[in-house]
Amino acid sequence: MGNVGKYIVVFVLLGWLGPMGAALGAGNLSVTAFYGSWKGAGEAHSPGDHFAMTARDLDVRIEPKGPGFSVAWTTVTYPGGEQSTAKIKRKSSTLDFVPSGKPGVFKAARTGDPFAGEAYAWARIKGQTLTVYLLNIDEEGAYVIQSYDRTLTGFAMELTFARTRDDEPERTARGKLIKTAD
21 MGNVGKYIVV FVLLGWLGPM GAALGAGNLS VTAFYGSWKG AGEAHSPGDH FAMTARDLDV
81 RIEPKGPGFS VAWTTVTYPG GEQSTAKIKR KSSTLDFVPS GKPGVFKAAR TGDPFAGEAY
141 AWARIKGQTL TVYLLNIDEE GAYVIQSYDR TLTGFAMELT FARTRDDEPE RTARGKLIKT
201 AD
(Lines of atoms letter the chains of each structure in order from A; the text may use other names.)
(Lines give C-alpha, C1' and ligand atoms only; values in the text may rest on other atoms or scores of the structure.)
Protein backbone atom coordinates (compact mmCIF):
# COMPACT_ATOMS: atom_id res chain seq x y z
CA MET A 21 0.00 0.00 0.00
CA GLY A 22 1.42 3.37 -0.97
CA ASN A 23 1.57 6.45 1.25
CA VAL A 24 -1.71 7.77 -0.16
CA GLY A 25 -3.44 4.48 0.75
CA LYS A 26 -2.05 4.65 4.30
CA TYR A 27 -3.33 8.20 4.72
CA ILE A 28 -6.78 7.17 3.48
CA VAL A 29 -6.89 4.35 6.06
CA VAL A 30 -5.83 6.77 8.82
CA PHE A 31 -8.47 9.34 7.82
CA VAL A 32 -11.18 6.68 7.64
CA LEU A 33 -10.23 5.40 11.11
CA LEU A 34 -10.12 8.93 12.51
CA GLY A 35 -13.48 9.66 10.96
CA TRP A 36 -14.92 6.55 12.59
CA LEU A 37 -13.20 6.91 15.98
CA GLY A 38 -13.23 10.70 16.13
CA PRO A 39 -16.84 11.18 17.25
CA MET A 40 -16.49 8.41 19.85
CA GLY A 41 -13.24 9.85 21.17
CA ALA A 42 -14.77 13.31 21.29
CA ALA A 43 -17.79 11.97 23.18
CA LEU A 44 -15.61 10.14 25.71
CA GLY A 45 -13.17 13.01 26.13
CA ALA A 46 -15.55 15.96 26.34
CA GLY A 47 -16.55 16.70 29.95
CA ASN A 48 -19.07 14.55 31.76
CA LEU A 49 -21.06 11.99 29.81
CA SER A 50 -24.82 11.91 29.91
CA VAL A 51 -26.36 9.01 31.80
CA THR A 52 -27.76 7.80 28.47
CA ALA A 53 -24.21 6.76 27.46
CA PHE A 54 -24.39 4.06 30.17
CA TYR A 55 -27.78 2.65 29.16
CA GLY A 56 -27.86 -1.00 28.20
CA SER A 57 -27.09 -4.50 29.46
CA TRP A 58 -23.49 -5.26 30.35
CA LYS A 59 -21.92 -8.63 31.18
CA GLY A 60 -18.44 -9.56 32.30
CA ALA A 61 -16.20 -10.98 34.99
CA GLY A 62 -13.76 -9.86 37.63
CA GLU A 63 -12.24 -10.72 40.94
CA ALA A 64 -12.38 -9.31 44.45
CA HIS A 65 -9.65 -9.08 47.06
CA SER A 66 -9.84 -8.70 50.83
CA PRO A 67 -6.91 -7.69 53.03
CA GLY A 68 -7.40 -10.64 55.43
CA ASP A 69 -6.95 -14.37 54.88
CA HIS A 70 -10.67 -15.16 54.98
CA PHE A 71 -12.17 -14.79 51.47
CA ALA A 72 -8.83 -13.48 50.22
CA MET A 73 -9.84 -13.76 46.54
CA THR A 74 -13.12 -14.48 44.83
CA ALA A 75 -13.86 -14.74 41.13
CA ARG A 76 -17.15 -13.20 40.07
CA ASP A 77 -19.49 -12.92 37.13
CA LEU A 78 -21.03 -9.48 36.67
CA ASP A 79 -24.31 -8.38 35.09
CA VAL A 80 -25.42 -4.75 35.00
CA ARG A 81 -28.51 -3.17 33.44
CA ILE A 82 -28.82 0.63 33.30
CA GLU A 83 -32.00 2.05 31.83
CA PRO A 84 -34.23 5.13 31.90
CA LYS A 85 -36.84 5.25 34.65
CA GLY A 86 -39.18 8.22 35.03
CA PRO A 87 -37.17 11.44 35.21
CA GLY A 88 -34.02 9.50 36.11
CA PHE A 89 -32.58 6.04 35.64
CA SER A 90 -32.35 2.59 37.19
CA VAL A 91 -29.25 0.50 37.88
CA ALA A 92 -29.74 -3.23 38.44
CA TRP A 93 -26.79 -5.51 39.06
CA THR A 94 -26.16 -9.14 39.85
CA THR A 95 -22.91 -10.58 41.14
CA VAL A 96 -22.23 -14.31 41.20
CA THR A 97 -19.21 -15.10 43.39
CA TYR A 98 -16.98 -18.15 43.34
CA PRO A 99 -14.99 -18.27 46.62
CA GLY A 100 -11.39 -19.28 46.06
CA GLY A 101 -11.77 -18.63 42.34
CA GLU A 102 -13.31 -22.07 41.73
CA GLN A 103 -16.43 -21.98 39.57
CA SER A 104 -17.27 -25.60 40.45
CA THR A 105 -17.56 -25.04 44.20
CA ALA A 106 -20.85 -25.53 46.04
CA LYS A 107 -20.34 -22.19 47.81
CA ILE A 108 -21.44 -20.12 44.83
CA LYS A 109 -23.36 -17.00 45.94
CA ARG A 110 -25.67 -14.80 43.89
CA LYS A 111 -26.60 -11.26 44.97
CA SER A 112 -28.84 -8.85 43.07
CA SER A 113 -29.63 -5.20 43.76
CA THR A 114 -31.64 -2.49 42.03
CA LEU A 115 -31.59 1.23 42.70
CA ASP A 116 -33.58 4.00 41.03
CA PHE A 117 -32.13 7.50 40.82
CA VAL A 118 -33.64 10.92 40.11
CA PRO A 119 -31.95 14.26 39.39
CA SER A 120 -30.75 16.02 42.55
CA GLY A 121 -30.79 19.53 41.13
CA LYS A 122 -26.98 19.50 40.85
CA PRO A 123 -25.45 18.72 37.44
CA GLY A 124 -24.30 15.11 37.17
CA VAL A 125 -25.51 14.22 40.69
CA PHE A 126 -28.50 11.96 41.37
CA LYS A 127 -30.25 10.92 44.55
CA ALA A 128 -31.90 7.59 45.17
CA ALA A 129 -35.63 7.75 44.47
CA ARG A 130 -36.17 5.91 47.76
CA THR A 131 -33.35 5.92 50.22
CA GLY A 132 -32.98 4.05 53.45
CA ASP A 133 -32.08 5.05 56.98
CA PRO A 134 -28.39 4.19 57.56
CA PHE A 135 -29.04 3.92 61.32
CA ALA A 136 -31.68 1.24 60.69
CA GLY A 137 -29.34 -0.96 58.66
CA GLU A 138 -30.55 0.47 55.34
CA ALA A 139 -28.28 2.13 52.79
CA TYR A 140 -28.37 5.81 51.92
CA ALA A 141 -27.60 5.95 48.19
CA TRP A 142 -26.63 8.51 45.57
CA ALA A 143 -24.86 8.57 42.21
CA ARG A 144 -22.76 10.94 40.16
CA ILE A 145 -21.22 11.14 36.74
CA LYS A 146 -17.71 12.51 36.45
CA GLY A 147 -16.04 12.26 33.06
CA GLN A 148 -16.69 8.76 31.71
CA THR A 149 -17.51 7.29 35.14
CA LEU A 150 -20.89 6.65 36.74
CA THR A 151 -20.35 6.07 40.46
CA VAL A 152 -23.00 4.67 42.80
CA TYR A 153 -22.41 5.20 46.53
CA LEU A 154 -24.04 3.28 49.38
CA LEU A 155 -23.62 4.48 52.98
CA ASN A 156 -24.46 2.37 56.04
CA ILE A 157 -23.88 2.80 59.78
CA ASP A 158 -23.03 -0.40 61.68
CA GLU A 159 -24.26 -1.28 65.18
CA GLU A 160 -21.15 0.32 66.75
CA GLY A 161 -21.63 3.60 64.88
CA ALA A 162 -18.88 3.02 62.30
CA TYR A 163 -19.64 4.06 58.76
CA VAL A 164 -19.42 1.63 55.88
CA ILE A 165 -19.30 3.09 52.40
CA GLN A 166 -19.39 1.14 49.16
CA SER A 167 -18.60 2.69 45.81
CA TYR A 168 -19.19 1.20 42.38
CA ASP A 169 -17.27 3.05 39.64
CA ARG A 170 -18.51 2.09 36.19
CA THR A 171 -16.20 3.66 33.61
CA LEU A 172 -16.84 3.56 29.87
CA THR A 173 -13.70 2.76 27.90
CA GLY A 174 -14.45 2.59 24.19
CA PHE A 175 -16.72 -0.42 23.77
CA ALA A 176 -16.32 -1.77 27.32
CA MET A 177 -17.19 -0.85 30.89
CA GLU A 178 -14.65 -1.20 33.69
CA LEU A 179 -15.98 -1.78 37.20
CA THR A 180 -14.04 -0.79 40.30
CA PHE A 181 -15.70 -1.59 43.62
CA ALA A 182 -14.49 -0.58 47.07
CA ARG A 183 -15.93 -1.15 50.54
CA THR A 184 -14.42 0.87 53.37
CA ARG A 185 -15.24 0.83 57.10
CA ASP A 186 -14.05 3.89 59.03
CA ASP A 187 -11.31 4.62 56.45
CA GLU A 188 -10.09 0.99 56.49
CA PRO A 189 -10.40 -0.89 53.17
CA GLU A 190 -12.38 -4.12 53.58
CA ARG A 191 -12.77 -5.30 50.01
CA THR A 192 -11.97 -4.23 46.48
CA ALA A 193 -13.03 -5.70 43.18
CA ARG A 194 -12.24 -5.04 39.54
CA GLY A 195 -13.96 -6.29 36.47
CA LYS A 196 -14.51 -5.68 32.80
CA LEU A 197 -17.90 -5.85 31.10
CA ILE A 198 -19.05 -5.66 27.50
CA LYS A 199 -22.35 -4.32 26.25
CA THR A 200 -24.68 -7.15 25.26
CA ALA A 201 -27.87 -5.17 24.54
CA ASP A 202 -29.13 -1.59 24.34
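With this note's numbering applied, the sequence shown corresponds to residues 21 to 202, in that order. Note that beta-carbon positions come from the ideal geometry of N, C-alpha and C, so glycine has one too.
- In the displayed model, T52 falls within a helix according to three-state DSSP.
- Under DSSP, K107 shares a beta bridge with no residue.
- At the C-beta level, A75 and Y55 stay beyond 8 Å of one another.
- Nearest in C-alpha terms to T151, of all of H65, S90, G161, A64, is S90.
- Taken in chain order, the complete beta strand (DSSP E) segments of 3 or more residues contained in the stretch 73-144 are 73-85, 88-99, 109-119, 125-128.
- Per DSSP, P67 has no beta-bridge partner at all.
- Looking at the DSSP output, F181 shares a beta bridge with Y168, A193.
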